[in-house]
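See structure below.
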Amino acid sequence: MASPSSMTTTSSTTSKLVFSGCSTSSSSSSSPRLLPLTTATTSSKCRAFHFHRRFNPLRHVHLRPCKNPTTVFAQTISPPSFIAAAMATEPSAKVIDGKRVAKEIREEVAAGVSKMKEALGVVPGLAVILVGDRKDSATYVRNKKKACEDAGIKSFEACLPKDATEEEVLKHISSFNNDPAVHGILVQLPLPSHINEQNVLNAVCIEKDVDGFHPLNIGRLAMRDREPLFVPCTPKGCIELLHRYGVVIKGKRAVVIGRSNIVGMPAALLLQREDATVSVVHSRTKNPEEFTREADIIISAVGQANMVKGSWIKPGAVIIDVGINPVEDSESPRGYRLVGDVCYDEARQIASAITPVPGGVGPMTIAMLLSNTLTSAKRIHNFN
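Heads up, the sequence shown is in the working numbering, so the first residue is 33 and it goes up one at a time.
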């Protein structure tokens, strides 16, 4: 599993997609509200009044359905000061709260682990292999270990130095493959450059591949009428957020920004399985905004701060922002803050729902890992 800082990193060619114009200043101090998606403001009564052309000064006006058309029209001609105040206090997008959903999933997993332990005396086990001393990877492994403890899952670890050989890594994988107490194996990515990542991931037993990176699992994900044993955790978390917030995927236009093996590619495959019409935007795509403006659902995972502007977004679209990007912030004690791939302050005026960064997709990744581990243990022990 990739650490957050590496998960959405792409080649330098991705910079061709970056446009200026979105402020990286701190957002409003008032926290967005979590509301049911059924109250999205882009109903047929007011859709005609959305202005989102690049040079339209009223493009971010926040409209509500109104029985009196005169009242609605009056809102569109309000003075600029009123518009600015409305934008600051009444963002139209509903916040997709990944922390809350992840907490629910962890509680569900903990209940499942307890039930399995009572019935069979079996405790699901997750093994993590960490190579090297990257701080972000070590922090992520620590978080996974704590999450396992909270859910009642047993943790196993193999921490190797950064100069460990590929043979040493493969030896630990083989040991975990043969250990009946281990139901899931996770290799923390990225690996040092002298180790062949594909050789390592391919060595993980497919029945214990809770990260979903084994080529057989990806192959099954790509094929119709085939079911993978596991789905990669971050893309699975994205789709789970859409499901739990009642977002209809079937028949919708979806755009995935980024085509990595970890997030972009499997996310596109999952959307196809949900009967969405899917386009993938990447570093070689010309005029990417032409694709995103037609999308009902956008999943962005490229690792470029504030790349997706408000002018890229179709009114009423649902935005899942996987990006985790540090930007300088002199007011922060750390000297930086985290932002997503999507310019949040602009997008929340146009989208019907959006994940925040942090607090959106991030918490879902570990929650899905715990869920996959429990699923593996149930399958191995034939426990429903």
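Glycine is no exception: its CB is placed at the ideal position from the N, C-alpha and C atoms.
Note that the coordinates shown come from a computational prediction; the quantities given were computed from them, not determined experimentally.
Helix, strand or coil for residue i, going by three-state DSSP, please let me know.
{"i": "S292", "result": "coil"}
{"i": "A179", "result": "helix"}
{"i": "M400", "result": "helix"}
{"i": "K194", "result": "coil"}
{"i": "F188", "result": "strand"}
{"i": "D241", "result": "coil"}
{"i": "T103", "result": "Confidence at T103 is low in this model, with a pLDDT of 42, below 50, so its placement is unreliable and the value that follows should be read with caution. In the structure shown, T103 sits in a helix (DSSP, three-state: H, G or I)."}
{"i": "L302", "result": "helix"}
{"i": "A151", "result": "helix"}
{"i": "G164", "result": "coil"}
{"i": "A159", "result": "strand"}
{"i": "L406", "result": "helix"}
{"i": "L218", "result": "strand"}
{"i": "V236", "result": "coil"}
{"i": "V393", "result": "coil"}
Between residue i and the rest of its own chain, which residues show a CB-CB distance below 8 Å, the 5 nearest in sequence each way excluded?
{"i": "G391", "result": "D129, G130, K131"}
{"i": "D307", "result": "I281, K282, G283"}
{"i": "T232", "result": "According to the sequence provided, residue 232 is Val. The question's Thr does not apply to it. Within the same chain, V232 has close Cβ partners E198, V201, L202, I205, V219, L223."}
{"i": "E181", "result": "S187"}
{"i": "Y368", "result": "P358, V359, E360, D361"}
{"i": "N175", "result": "I398"}
Is it true that the CB of residue j sits closer than 8 Å to the CB of residue i?
{"i": "A299", "j": "V313", "result": "no"}
{"i": "A151", "j": "L402", "result": "no"}
{"i": "C265", "j": "M400", "result": "yes"}
{"i": "L221", "j": "F188", "result": "no"}
{"i": "A383", "j": "I331", "result": "no"}
{"i": "Y277", "j": "A385", "result": "yes"}
{"i": "V350", "j": "L303", "result": "no"}
{"i": "L406", "j": "V219", "result": "no"}
{"i": "R138", "j": "A183", "result": "yes"}
{"i": "A125", "j": "P395", "result": "no"}
{"i": "G269", "j": "V374", "result": "no"}
{"i": "S408", "j": "H215", "result": "yes"}
Relative to the C-alpha of residue i, which candidate in the options has its C-alpha closest?
{"i": "K410", "options": "T266, E139, A379, V242", "result": "V242"}
{"i": "G153", "options": "A213, W344, S384", "result": "A213"}
{"i": "T197", "options": "S225, L303, L261, N404", "result": "S225"}
{"i": "V263", "options": "G290, I294, V279, L233", "result": "I294"}
{"i": "D377", "options": "K186, G342, T405, T171", "result": "G342"}
{"i": "C191", "options": "S124, K177, G184", "result": "K177"}
{"i": "R285", "options": "N357, L406, E326, N234", "result": "E326"}
{"i": "I205", "options": "D182, E229, G184", "result": "E229"}
{"i": "V334", "options": "S292, R174, A170", "result": "S292"}
{"i": "D328", "options": "R369, S362, V279, P320", "result": "V279"}
{"i": "N416", "options": "E140, E139, K147, A134", "result": "K147"}
{"i": "E360", "options": "G348, A337, C375, Q381", "result": "A337"}
{"i": "E272", "options": "I398, A125, S169, L162", "result": "I398"}
{"i": "G290", "options": "L261, L248, V340", "result": "V340"}
{"i": "R166", "options": "L370, D195, Q381", "result": "D195"}
{"i": "H246", "options": "R256, N234, Q381", "result": "N234"}
{"i": "G348", "options": "R366, G164, T324", "result": "T324"}
{"i": "M297", "options": "D168, I412, P267, T317", "result": "P267"}
{"i": "R256", "options": "I227, R305, N210, D211", "result": "R305"}
{"i": "I227", "options": "A142, R366, G164, D168", "result": "G164"}
Can you name, in chain order, every residue of its own chain whose Cβ lies under 6 Å from the Cβ of residue i, other than the five neighbours on each side?
{"i": "G372", "result": "D353, G355, V389"}
{"i": "I217", "result": "A159, F208, V236, K240"}
{"i": "E322", "result": "none"}
{"i": "R258", "result": "R252"}
{"i": "V155", "result": "K149, K186"}
{"i": "S61", "result": "In this predicted model, S61 has a pLDDT of only 41, less than 50, meaning its place in the structure is not dependable; the value taken from the coordinates is given anyway. Cβ neighbours of S61 beyond the five flanking positions: none."}
{"i": "L301", "result": "L253, A254"}
{"i": "N404", "result": "V242, F262"}
{"i": "T309", "result": "R285"}
Could you pull out every residue in the same chain whose Cβ sits closer than 7 Å to the Cβ of residue i, ignoring the five residues on either side in sequence?
{"i": "E200", "result": "L192"}
{"i": "P260", "result": "G244, N249, R252, L253"}
{"i": "V173", "result": "V160, L162, Q220"}
{"i": "H413", "result": "L152, V154"}
{"i": "V141", "result": "A183, L402, S403, L406"}
{"i": "S311", "result": "V287, F323"}
What beta strand (DSSP E) runs, 3 residues minimum, are completely inside the stretch 257-292? Whole beta strand (DSSP E) segments, 3+ residues: 285-289.
Only counting runs of 3 or more residues, tell me where the beta strand (DSSP E) segments fall wholly within the stretch 362-390, in order along the chain. List check, beta strand (DSSP E) in window: 368-371.
For the stretch 311-370, which segments carrying the beta strand (DSSP E) assignment without a break, of at least 3 residues, lie completely within its bounds, in sequence order? Listed in chain order, they are 329-332, 350-353, 357-360.
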